[in-house]
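Respectively, the protein sequence lines represent chains A and B. Quick note on numbering: my numbering labels position 37 of the first sequence as 37, and the sequence is numbered without any gaps. Heads up, my numbering is the position in the second sequence plus 1000, with the first residue counted as 1. Virtual Cβ for every residue (Gly too), placed ideally from N, Cα, C. Just so we're clear, the structure is a prediction, and the values are computed from it rather than from any experiment. Here the structure is laid out as structure tokens; the discussion comes afterwards.
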Amino acid sequence: MLVLTRKVDQGIMIGDNIRVIVVDVRGDQVKLGIEAPREVVVHREEVYREIQAENARAALKSAVDLRTLESVIAAKQPGKAGPSRD
Amino acid sequence: MELESCLGRIDVSEEDIIVFPQGILGFEEYKRYLVLEQPDSVFRFLQCVDEPQLAFVVMYPELVDAAYSVVLTEEQKALLEIEQPEDGVVYGIVTIPEQVAEMTINLQAPVVINKRRRIGAQIVLMDGKYTTRHNVLAGMQAAAYLAQKGKD
Chain A
1 MLVLTRKVDQ GIMIGDNIRV IVVDVRGDQV KLGIEAPREV VVHREEVYRE IQAENARAAL
61 KSAVDLRTLE SVIAAKQPGK AGPSRD
Chain B
1001 MELESCLGRI DVSEEDIIVF PQGILGFEEY KRYLVLEQPD SVFRFLQCVD EPQLAFVVMY
1061 PELVDAAYSV VLTEEQKALL EIEQPEDGVV YGIVTIPEQV AEMTINLQAP VVINKRRRIG
1121 AQIVLMDGKY TTRHNVLAGM QAAAYLAQKG KD
């Protein structure tokens, strides 16, 4: 990993069009400013990883019949007949 | 163009394709999707055009949380080219585990589509109100209960 030392208001360039600047440093918190093209997604790493993992779980592994999902819902809805209604 | 989708072989017309400039998180290399509907179902498929094996089940988040709303940042509006709120359609991605009744919806990272310009993005809400896993059935029951109560 490349490690660089920067002061407040100093930045780094990643390629030609991504700019990261140190906006503020307080104790163990660093505030960063990021300028990137629209098509580049910028997220906090832990959020990015969590959503990536959830998307991977959600991506269908096999064919899903929407009618199966509907029947599970119908069984649980108030006012609709279903085997597991309680 | 023909596509082997999760609803079988379908004919795809160019004007139905929704372009996700940033892709879906974790699947960034795929940019083109279709929303496939089935009559009488609250669920839809978000079917990838570039990779026929890739598809998600989606649904309207407000069916699970009646108060759900999404506020877009200026950057997100610019990316989606959304000029008025009516341009946007919001879907939540549904995760279906082996126990189907335990299915969850990701309310923290909804899919927003500009239906007029056919541009989409998965956006991440940072206000801490929502998580990636809300139980669909419990939410729908609560929403139905509230709707019923409103009528009484």
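CB residue i to CB residue j, shorter than 8 Å?
{"i": "A/A99", "j": "B/V1094", "result": "Outside the displayed span of chain A (1 to 86) sits residue 99 of chain A, for which this structure offers no information."}
{"i": "A/I51", "j": "B/T1132", "result": "yes"}
{"i": "B/V1160", "j": "B/Y1091", "result": "The structure shown does not extend to residue 1160 of chain B, since chain B is modelled only from 1001 through 1152, so no value can be given for it."}
{"i": "A/L60", "j": "B/V1012", "result": "no"}
{"i": "B/I1017", "j": "B/R1116", "result": "no"}
{"i": "B/G1088", "j": "B/L1080", "result": "yes"}
{"i": "B/E1051", "j": "B/R1044", "result": "no"}
{"i": "B/L1025", "j": "B/A1109", "result": "yes"}
{"i": "A/T68", "j": "B/V1100", "result": "yes"}
{"i": "B/Y1033", "j": "B/L1046", "result": "yes"}
{"i": "B/F1020", "j": "A/N55", "result": "no"}
{"i": "A/V22", "j": "A/K7", "result": "yes"}
{"i": "B/S1041", "j": "A/L66", "result": "yes"}
{"i": "B/A1143", "j": "B/A1066", "result": "yes"}
{"i": "B/V1070", "j": "B/L1125", "result": "yes"}
Tell me where the alpha helix (DSSP H) around residue i begins and ends.
{"i": "A/T68", "result": "66-76"}
{"i": "B/G1139", "result": "1136-1151"}
{"i": "A/K61", "result": "Neither: A/K61 is in no alpha helix (DSSP H) and is coded neither H nor E."}
{"i": "B/K1077", "result": "1074-1080"}
Between which two residues does the beta strand (DSSP E) harbouring residue i extend?
{"i": "A/R57", "result": "Here A/R57 belongs to no beta strand (DSSP E); instead the alpha helix (DSSP H) covers 45-58."}
{"i": "B/A1121", "result": "1119-1122"}
{"i": "B/Q1053", "result": "First-last for B/Q1053: undefined, no H or E at that position."}
{"i": "A/K31", "result": "29-35"}
{"i": "A/M13", "result": "11-14"}
{"i": "B/T1104", "result": "1104-1114"}
{"i": "B/C1048", "result": "1043-1048"}
{"i": "B/L1036", "result": "1032-1037"}
{"i": "B/T1095", "result": "1088-1095"}
Could you check how far apart the C-beta atoms of residue i and residue j are, in whole angstroms? I think they sit under 8 Å.
{"i": "A/E70", "j": "B/Q1022", "result": "Not confirmed; about 31 Å, so no contact."}
{"i": "B/Y1030", "j": "B/C1048", "result": "5 Å"}
{"i": "A/R19", "j": "A/E35", "result": "4 Å"}
{"i": "B/Q1076", "j": "B/I1123", "result": "5 Å"}
{"i": "B/R1009", "j": "B/E1015", "result": "19 Å between Cβ atoms; not a contact."}
**Prompt:** Which residues, taken in chain order from the segment 1083-1095 of chain B, show a beta carbon closer than 9 Å to some beta carbon of chain A?
**Reply:** I1093, V1094, T1095
- Query: Given a limit of 8 Å on CB to CB distance, which residues of the segment 25-41 of chain A reach chain B?
  - Reply: R38, E39, V40, V41
Along the segment 1057-1081 of chain B, where does the CB come closer than 8 Å to a CB of chain A? Name the residues.
V1057, E1075, A1078, L1079
- Could you run through the segment 1018-1035 of chain B and flag, in chain order, every residue whose CB is less than 7 Å away from some CB of chain A? P1021, Q1022, I1024, L1025, G1026, F1027
**Request:** Could you please tell me which residues of the segment 55-67 of chain A, in chain order, have their CB closer than 8 Å to any CB of chain B?
**Result:** N55, A56, R57, A58, A59, L60, A63, V64, L66, R67
* To do: Would you list, in chain order, the members of the segment 1133-1146 of chain B that have their beta-carbon closer than 9 Å to a beta-carbon of chain A?
  => R1133, V1136, L1137, A1138, M1140, Q1141, A1144, Y1145
Three or more beta-carbon pairs under 8 Å between the segment 1100-1110 of chain B and the segment 1129-1145 of chain B, yes or no? yes
Subject >> Proximal residues, the segment 1104-1124 of chain B versus chain A, C-beta separation under 8 Å >> reply: N1106, Q1108, A1109, Q1122, V1124
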